[in-house]
């Protein structure tokens, strides 16, 4: 089984299987495990699940390094480390800032269990002077201030004024941005909760995030933001539960913004 999670390096990496069909047990090194008819793959933080069809099994691969970021709110840094960025609910933060891209998020409370922290409720992107706002709860997409219905972006690319900078919907619940330095996939995720006192159920939505950096792009030079800076980390970090303190430059409050389209914070790299 191969994956392009290392798109950042421009290669395809083999993460499991020997190239010979069969089954030789579990709890072994993934690249020494035999698979038979793998036909689907899902992913989590440093973890993959493979549908091993003929063997009638779901195979789990753990501790997979890669140049990815997964968030909500447990992030995998671009060098494979893990740390929490929970922020404060209803506040805006700069995730990634580059010369031509600013990526901000609004954290929202977990309605079913606020004590567990926050989730990514909305995202804002400023790209080459264009703006993109997405809201997980309403599924609203605003491009340069104009609303886009789901079907408008389902079958075509929408450009940020340049053929190398665009976004499009790739499924009913997923949106992808393709830029020279980064690919960002936003997965709109539904959370169903039950109020046991009233026996009522309600739904909330948030975004899970997958991002891959193209380190060969000149636009990756001097990135910053809560996640952007992790491309320069020299070792894997494991700072859980501390909002990145001790790992990120400065303090969490240095990355706080006034809106989803704000580009002004102490470490901003966006050039107007």
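Numbering (this note's numbering), first residue to last: 2 to 273. We put the CB at the ideal spot given by N, CA and C, even for glycine.
Please classify residue i: does DSSP put it in a helix, a strand, or coil?
i: residue 222; result: coil
i: residue 34; result: coil
i: residue 119; result: strand
i: residue 232; result: helix
i: residue 255; result: helix
i: residue 261; result: coil
i: residue 17; result: coil
i: residue 39; result: strand
i: residue 268; result: coil
i: residue 157; result: coil
i: residue 203; result: strand
i: residue 165; result: coil
i: residue 51; result: strand
i: residue 141; result: coil
i: residue 146; result: coil
Residue i bridges to which residues according to DSSP?
i: residue 125; result: 105 and 134
i: residue 92; result: 108
i: residue 83; result: 77 and 239
i: residue 98; result: 103 and 225
i: residue 185; result: 178 and 212
i: residue 249; result: Note: residue 249 sits in no beta bridge, so no partner.
Taking the C-alpha atoms as reference points, what is the distance between residue i and residue j?
i: residue 62; j: residue 34; result: 10 Å
i: residue 96; j: residue 40; result: 34 Å
i: residue 132; j: residue 145; result: 5 Å
i: residue 57; j: residue 171; result: 28 Å
i: residue 159; j: residue 142; result: 12 Å
i: residue 229; j: residue 91; result: 22 Å
i: residue 186; j: residue 209; result: 8 Å
i: residue 213; j: residue 78; result: 10 Å
i: residue 262; j: residue 269; result: 12 Å
i: residue 25; j: residue 178; result: 40 Å
i: residue 108; j: residue 206; result: 12 Å
i: residue 251; j: residue 140; result: 34 Å
i: residue 201; j: residue 37; result: 44 Å
i: residue 244; j: residue 127; result: 24 Å
i: residue 203; j: residue 272; result: 42 Å
i: residue 17; j: residue 42; result: 11 Å
i: residue 52; j: residue 169; result: 27 Å
i: residue 249; j: residue 84; result: 10 Å
Do you know whose CA, among the options, lies nearest residue i's CA?
i: residue 99; options: 25, 215 and 122; result: 215
i: residue 111; options: 26, 87, 260 and 234; result: 87
i: residue 28; options: 258, 59 and 188; result: 59
i: residue 130; options: 119, 109, 244 and 162; result: 162
i: residue 189; options: 121, 103, 19 and 109; result: 121
i: residue 191; options: 244, 225, 137 and 84; result: 137
i: residue 101; options: 173, 157, 82 and 183; result: 183
i: residue 217; options: 181, 226 and 235; result: 181
i: residue 247; options: 227, 174 and 266; result: 227
i: residue 55; options: 22, 42 and 258; result: 22
i: residue 211; options: 76, 19 and 31; result: 76
i: residue 239; options: 82, 220, 93 and 254; result: 82
For residue i, count neighbouring C-beta atoms within 10 Å of its own C-beta (all shown protein chains included) and say buried if the count is 16 or more, exposed if not.
i: residue 125; result: buried
i: residue 105; result: buried
i: residue 231; result: buried
i: residue 166; result: buried
i: residue 224; result: buried
i: residue 256; result: buried
i: residue 49; result: buried
i: residue 68; result: Residue placement at residue 68 is flagged as unreliable, the pLDDT there being 40, under the threshold of 50; the coordinate-derived value follows with that caveat. Per the 10 Å Cβ criterion, buried.
i: residue 157; result: exposed
i: residue 134; result: buried
i: residue 148; result: exposed
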